[in-house]
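Engineer: Handing you a structure now.
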Amino acid sequence: MKKLLNKIMPLAYGQYYNTYSLVAPKKVANHAFHLFCTVRKGRVLPQQAEYLEKAKLTVENVADHELQVYHWPGKKETVLLVHGWESNTFRWRNLIKKLQEADFNIIAFDAPSHGHSSGNYLYVPLYEEAVDHMVKKYAPKHLIGHSVGGMTIMYNQYKNPCSNVEKMVTIGSPSEFYEIMEHFQNILKFNDRVMGHLDAYVMDRFGFRIREFSTSNFAKSINKKGLLFHDRLDAITPYHASVQVNSNWKGSSLVSTEGLGHSMHQDDVNDQIISFLEA
Numbered sequence: 001m002k003k004l005l006n007k008i009m010p011l012a013y014g015q016y017y018n019t020y021s022l023v024a025p026k027k028v029a030n031h032a033f034h035l036f037c038t039v040r041k042g043r044v045l046p047q048q049a050e051y052l053e054k055a056k057l058t059v060e061n062v063a064d065h066e067l068q069v070y071h072w073p074g075k076k077e078t079v080l081l082v083h084g085w086e087s088n089t090f091r092w093r094n095l096i097k098k099l100q101e102a103d104f105n106i107i108a109f110d111a112p113s114h115g116h117s118s119g120n121y122l123y124v125p126l127y128e129e130a131v132d133h134m135v136k137k138y139a140p141k142h143l144i145g146h147s148v149g150g151m152t153i154m155y156n157q158y159k160n161p162c163s164n165v166e167k168m169v170t171i172g173s174p175s176e177f178y179e180i181m182e183h184f185q186n187i188l189k190f191n192d193r194v195m196g197h198l199d200a201y202v203m204d205r206f207g208f209r210i211r212e213f214s215t216s217n218f219a220k221s222i223n224k225k226g227l228l229f230h231d232r233l234d235a236i237t238p239y240h241a242s243v244q245v246n247s248n249w250k251g252s253s254l255v256s257t258e259g260l261g262h263s264m265h266q267d268d269v270n271d272q273i274i275s276f277l278e279a
C-alpha cells in the first residue's frame with residue numbers, strides 16, 4: 001500500500017500543477033516553491049539531545065528565525081560548521097571530536113527549520129543569511145559545510161566575502177541549482193510550463209534565474225584556500241559537482257573517494273580536514 005501511494009502521490013501533484021498553472025501560474029509557483037523548501041526531517045532525536053544540550057551557547061534571531069548556536073571552546077582559530085539538508089549539528093560529532101583534540105574553537109548552529117531552530121522551510125538564500133550572521137558575529141577563520149551547507153558557504157563568500165575567513169571545506173556538496181530543480185521536477189512530474197513559472201518566481205523573489213545559481217561560477221571569484229571532498233559513488237549529490245567547482249576555484253584541492261557515501265563521517269576524511277586547517 002505504501003509503495004502504491006508513493007507512486008500515486010507524485011502523479012497527483014503533477015496533474016495539479018500542470019492543470020492549475022494554466023489559470024493561476026503565480027499561485028502554483030509559490031506553492032511548488034514552498035513544497036520544495038519544506039523540511040520534513042532533521043529535528044533533534046532523543047539519542048542526540050544529551051550531546052547537543054551540553055554545548056548550547058545561545059539563540060540568535062536571524063530573518064524571523066530563532067537559531068540554536070553551539071560552542072565547543074578551544075584556544076586555536078574558530079571553525080564554523082554548517083550542516084546539510086534535513087540534518088542538524090549532531091552530524092558533526094566525529095569531526096568535533098577531532099577538532100577538540102586539535103584545540104580549535106568550534107561554533108556550530110542548527111539551520112532554520114532544523115535541530116532546535118525554528119521554522120518549517122529552508123532555501124539557500126535564507127541559509128546564507130544565517131551563515132553571514134554567524135560569520136560576522138563569531139569571526140571564524142575556517143568554514144566547513146556538508147552538502148547544501150557546503151553550497152551555502154560558497155554562496156556566502158561569493159555574495160558577502162569576509163577577509164577574516166581563510167579556509168573553506170565542502171563535503172559532498174551540489175553545484176548547479178538547476179540540477180536540483182530538475183530532480184524535483186522529475187519526482188513530481190510537472191511540466192516545463194510549471195518550471196518556467198517557478199523560474200520566474202525565483203527571479204522575482206531572489207533576483208536570479210534558476211540556471212544562474214551555480215556554485216562552480218561563484219567559485220571563480222573566491223580567493224580562500226579550499227578543500228573539497230566528494231565520493232565518486234555519492235547517490236545524493238553528483239560527483240561532477242565538486243569536479244566543476246574545483247576546476248573553477250584556483251585555491252582549491254579535490255579529494256575523491258570511492259565507497260564512503262554522502263555523509264563522510266570517516267576518520268580519514270576528518271584527519272585530512274584537520275591537516276588542512278593546521279597547514
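Note that this note's numbering numbers the sequence shown so that position 173 is 173, with each residue one more than the last.
Even for Gly, the Cβ is constructed at its ideal location relative to N, Cα and C.
Predicted, not measured: the structure shown is a model, and the values here were computed from it.
1) Contact defined as beta carbons within less than 8 Å: I believe Val169 pairs with Phe276. What is the distance between those atoms, to the nearest angstrom?
2) Roughly how far, in whole angstroms, is the beta-carbon of Thr89 from the beta-carbon of Leu57, given that I think they are within contact range, below 8 Å?
3) Between Lys141 and Glu166, what straight-line distance do the alpha-carbon atoms span, to the nearest angstrom?
4) Span of the alpha helix (DSSP H) holding Lys225?
5) Among Leu80, Gly42, Pro125, which residue has its Cα nearest to the Cα of Met203?
6) Using only the alpha-carbon positions, how far apart do Leu22 and Gln185 sit?
7) Extract the residue ranges of the beta strand (DSSP E) inside the region 103-130, only unbroken runs of 3 or more that lie entirely within it.
8) Buried or exposed: which applies to Ser252, given that a residue is buried once 16 or more other Cβ atoms fall within 10 Å of its Cβ?
9) By how many angstroms is the C-alpha of Gln15 removed from the C-alpha of Met1?
10) Helix, strand or coil for Asn275, going by three-state DSSP, please let me know.
11) Can you find the residues in the same chain that come closer than 6 Å, C-beta to C-beta, to Val69, ignoring five residues on each side of it along the sequence?
12) Using the rule of at least 16 other Cβ atoms within 10 Å of the residue's Cβ for burial, across every protein chain shown, is Ile210 buried or exposed?
13) Closest to His133 by CA distance: which of Tyr239, Lys224, Pro112, Ala55 is it?
14) Is it buried or exposed, Ala29, if we count other Cβ atoms within 10 angstroms and call 16 or more buried?
15) Using a Cβ-Cβ cut-off of 6 Å (strictly less than) and excluding sequence neighbours within five positions of Gln48, which residues of its own chain qualify?
Structural biologist: Concretely, from the data shown:
1) 7 Å
2) About 11 Å separates the two Cβ atoms, so there is no contact after all.
3) 5 Å
4) Per DSSP, Lys225 belongs to no alpha helix (DSSP H); it is in the beta strand (DSSP E), 225-231.
5) Pro125
6) 17 Å
7) 105-109
8) buried
9) Low local confidence applies: a pLDDT of 38 at Met1 is under 50, so the model's placement there is unreliable, and no value is given.
10) Position check: residue 275 holds Ser in this sequence, whereas Asn was assumed. Helix at Ser275.
11) Leu57, Thr58, Glu60, Phe109
12) buried
13) Pro112
14) buried
15) Phe90
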